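So the structure is just underneath, and the comments pick up after that.
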Amino acid sequence: MISVTAKEGPLIFLFHPSDKVLQDDLSSCEIEELRAFIEGLFRAVLKDSAIPLAIDYMEGAPQNDVIALRERAAEFLGNYLFHCPTRKFAEKYSTKGIKVYAMVFGHRSKKSRHPEWFGTTHMEELPFVFGIPFTDPSNYTDEDREFSEYIMKSLAEFARNGKPVLPDGKKWPEFSSEHPDFLWLQPGNYSWAKN
1 MISVTAKEGP LIFLFHPSDK VLQDDLSSCE IEELRAFIEG LFRAVLKDSA IPLAIDYMEG
61 APQNDVIALR ERAAEFLGNY LFHCPTRKFA EKYSTKGIKV YAMVFGHRSK KSRHPEWFGT
121 THMEELPFVF GIPFTDPSNY TDEDREFSEY IMKSLAEFAR NGKPVLPDGK KWPEFSSEHP
181 DFLWLQPGNY SWAKN
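At position 6 of the sequence shown (counting the first as 1) the number is 6 in the UniProt record's numbering, and the numbers step up by one without a gap.
In structure tokens, the structure reads:
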């Protein structure tokens, strides 16, 4: 079983020494300041050969739009460091006849401590996997607890029988060349995330 979160990349922005680039509102951040930080971040976490690709990817953001620039950079980092390698892993192992179940964790707690623009970011699923909404109830909602219970049951079923379960009891199809999609997991939304 493999998984990613909906928006893996934003968490990497925590490496910035100032929380200015983390704010939902970037009105106090100059475009060149943000661009310099992002390019430094790329140099710190990417292979040299990927940096031109990352910078080119950022060029897709509307000119002088700091929020769009930050979003493009975070999206690239998430795709390059997490989403693409995870998909490649799933493809490689499924072609060898190994059962692969793939998911995208899409739930963000209403009480998340991260800025809103982070969405469901890297490691956001861990409290739900380990039942933290039950041990720290003041920081989670009833919906969080219900979802955590489902996640734990599904993973336990996978550990016992090699097959995770969906809340409605339907079969969770294996990842394969015929079905190369990840299951989107969010309260009330268990659908297929296409690419």
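All C-beta atoms in this analysis are idealised placements derived from N, C-alpha and C, irrespective of residue type, glycine included. On a predicted model such as this, the values are computed, not experimentally measured, just so you know.
Are the beta-carbon atoms of residue i and residue j separated by less than 8 angstroms?
i    : j    : result
R145 : P164 : no
K99  : G162 : yes
I151 : A90  : no
M123 : F182 : no
A74  : A68  : no
G106 : W184 : yes
F76  : A44  : no
Determine the direct distance from the alpha carbon of residue j to that of residue i, and round the result to whole angstroms.
i           : j    : result
K7          : Y190 : 17 angstroms
S148        : Q186 : 10 angstroms
F37         : S154 : 40 angstroms
R160        : F42  : 41 angstroms
D19         : G40  : 16 angstroms
F158        : A50  : 36 angstroms
E59         : E32  : 13 angstroms
L46         : P173 : 34 angstroms
Y140        : G131 : 11 angstroms
T86         : Y101 : 11 angstroms
Q63         : G169 : 48 angstroms
residue 261 : K194 : Summary: the structure shown does not reach residue 261, with the chain confined to residues 1 through 195, and so no result is reported for it.
L34         : H16  : 10 angstroms
Y93         : Y57  : 29 angstroms
C29         : L166 : 43 angstroms
How far does the alpha helix (DSSP H) with residue i in it reach, from first residue to last?
i    : result
S94  : 84-95
A74  : 66-78
N161 : 142-161
A36  : 31-45
Starting from residue i and walking both ways along the beta strand (DSSP E), at which residues does that stretch end?
i    : result
F130 : It is not in any beta strand (DSSP E) - F130 carries neither H nor E in the DSSP assignment.
I2   : 2-5
F182 : 182-186
M103 : 102-105
Would you decide whether residue i is buried or exposed? Buried here means 16 or more other CB atoms lie within 10 Å of its CB.
i           : result
F175        : buried
T135        : exposed
S27         : exposed
P127        : buried
S138        : exposed
residue 199 : Any answer about residue 199 is impossible in this case: the structure gives the chain only from 1 up to 195.
N125        : With the sequence shown as reference, residue 125 is identified as Glu, and Asn is not the correct amino acid for it. So E125 counts as buried.
Report yes or no: do the stretch 4-23 and the stretch 100-120 share at least 3 C-beta pairs separated by less than 8 angstroms? yes
Contact the stretch 74-83 vs the stretch 107-114: 3+ CB pairs below 8 angstroms: no
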